[in-house]
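Below you'll find the structure, written out as structure tokens, and then a few comments.
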Amino acid sequence: MYTMIYNINISSEEMAEILKIKNRNYISELVADHAFPKTDYNKYPLIAFIQRWIEYQEELHQLEIKRIKERDAKNRLDNVNAELKEIDLAIKRSILIPANQLEDTLETQAAIYVKNLEALKTKIPNLLNLNKQQKEVLETELIRIKEQIGNLPADISAAAVSFK
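Heads up, the sequence shown is in the working numbering, so the first residue is 170 and it goes up one at a time.
Shown next, in the form of structure tokens:
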């Protein structure tokens with residue numbers, strides 16, 4: 170019984186109709202370009218042709234998946250490159266500063282503030298004629314401010330600061 174089905178040969182018009190292909194010449198192109206089977210002039214083995222058609226559709230599907238993945242990878246790379254160019258431009262326009270430069274600046278500024286706070290411990294009490302209790306309150310406040318400065322995050326390497 171199966172032998173009879175495998176021996177059925179049909180014309181390009183019939184094959185085009187079965188596969189819902191509008192141009193029957195496409196059948197000849199498939200034979201010539203994609204190793205589809207042919208038994209004789211305008212005669213094609215039904216089962217073998219349909220099996221090859223299924224394989225061919227899978228090949229086309231895999232090629233399309235590959236193209237989509239390549240296009241997506243290229244788009245992602247293009248997007249990353251565009252972002253990097255925007256960051257470089259923002260740095261050149263002084264809209265953004267590199268995080269390591271900001272970190273150095275903050276460290277320098279924090280050291281200056283701490284040094285100035287230390288100087289204030291002696292200057293303020295002398296200028297204002299503070300008593301011992303007032304001096305202690307002032308020193309406690311200055312120590313608290315100094316600790317707040319010391320509690321600033323040490324690592325800001327992932328930070329991006331925008332100045333508008």
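No residue lacks a Cβ here, since even glycine has one placed at the ideal position from N, Cα and C.
So what does N178 bridge to, in DSSP terms? Paired residue(s): P214.
Buried or exposed: I187, going by 16 or more other Cβ atoms within 10 Å of its Cβ? Exposed: under 16 other Cβ atoms inside 10 Å.
Suppose the cutoff is 6 Å on Cβ atoms and the five residues either side in sequence are ignored; what does the same chain contact list for L199 look like? If you ignore the 5 residues before and after L199, its C-beta comes within less than 6 Å of the C-beta of F205, all in its own chain and listed in chain order.
Would DSSP call I264 helix, strand or coil? Coil.
Which one or two residues does DSSP pair with D209 in a beta bridge? Per DSSP, K212.
Cutoff 7 Å; reference A222; Cβ partners in own chain excluding five residues on either side: For the record, residue 222 in the displayed sequence is Trp; it is not Ala. Excluding positions up to five away in sequence, the list reads L188.
Can you tell me whether N192 is helix, strand or coil according to DSSP? If DSSP states are grouped into helix, strand and coil, N192 belongs with coil.
Under the assumption that Y213 contacts M184 (Cβ atoms under 8 Å), give the Cβ distance between them as a whole number of angstroms. Going by Cβ atoms, the distance from Y213 to M184 rounds to 5 Å, so yes, they are a contact pair.
Does the structure place the region 245-254 close enough to the region 215-229 that three or more beta carbon pairs sit under 8 Å? Contact between the region 215-229 and the region 245-254 is absent, because fewer than three Cβ pairs lie under 8 Å.
Where does the unbroken alpha helix (DSSP H) through L311 begin, and where does it stop? Start and end: 301-319.
On the criterion of 16 or more Cβ atoms from any shown chain inside 10 Å, does K333 qualify as buried, or is it exposed? Residue placement at K333 cannot be trusted, given a pLDDT of 47 that sits under 50; what the coordinates show is reported in the next sentence. Flag for K333 reads exposed.
Inter-residue spacing [alpha-carbon to alpha-carbon] between I179 and D202: The alpha-carbon of I179 is positioned some 20 Å away from that of D202.
Report yes or no: do the region 270-284 and the region 226-245 share at least 3 C-beta pairs separated by less than 8 Å? Contact fails between the region 270-284 and the region 226-245, because fewer than three Cβ pairs, one in each stretch, are under 8 Å apart.
Would you identify the three-state DSSP class for N298, choosing helix, strand or coil? The DSSP-derived three-state label of N298 is coil.
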